[in-house]
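Only one structure is covered here, and it is reproduced in the block below.
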C-alpha cells in the first residue's frame, strides 16, 4: 500500500511539473490534489494496518484537505 501511495504522489508531482515547466504557469494542476488524496488514503490504510494510529490520523486529515482543494479547483470560475 505504501508503494502505491508513493506512486500516486509521484504521478501528481509529474503533472504539476508539466504544468510549471512546459505550460509556464503557476496554477495548481487539478490532478495533483486528486493524486495526493489517493496517496494519503493509501498511506492511512497502510498505517492502520500496521497499528500505527497517529500517522493514520494525520494521513486522513491530509486526505480531507486534499479533497477540499480538489473540489475548490474544480468549482473555481476562471
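In the numbering used here, the protein residues as written are 105 to 182.
We put the beta carbon where it would ideally sit given N, CA and C, even for glycine.
- Take residue 163, set aside five residues on each side of it, and the residues of its chain with a beta-carbon closer than 8 Å to its own are 144, 145, 147, 148 and 151, in chain order.
- In the three-state reduction of the DSSP assignment, residue 134 falls in the coil class, being assigned neither a helical nor a strand state.
- Cβ atoms of residue 119 and residue 136 come within 8 Å of each other, at about 6 Å.
- Counting the other Cβ atoms within 10 Å of the Cβ of residue 131 gives fewer than 16, which makes it exposed.
- Only residues of its own chain outside the window of five on either side were considered, and among them 148, 151 and 152 have a CB closer than 6 Å to the CB of residue 160, listed in chain order.
- For the pair residue 116 and residue 133, the Cα-to-Cα distance works out to about 8 Å.
- When DSSP assignments are scanned along the segment 126-179, the uninterrupted stretches of alpha helix (DSSP H) that are 4 or more residues long and fall wholly within it turn out to be 135-153 and 157-179.
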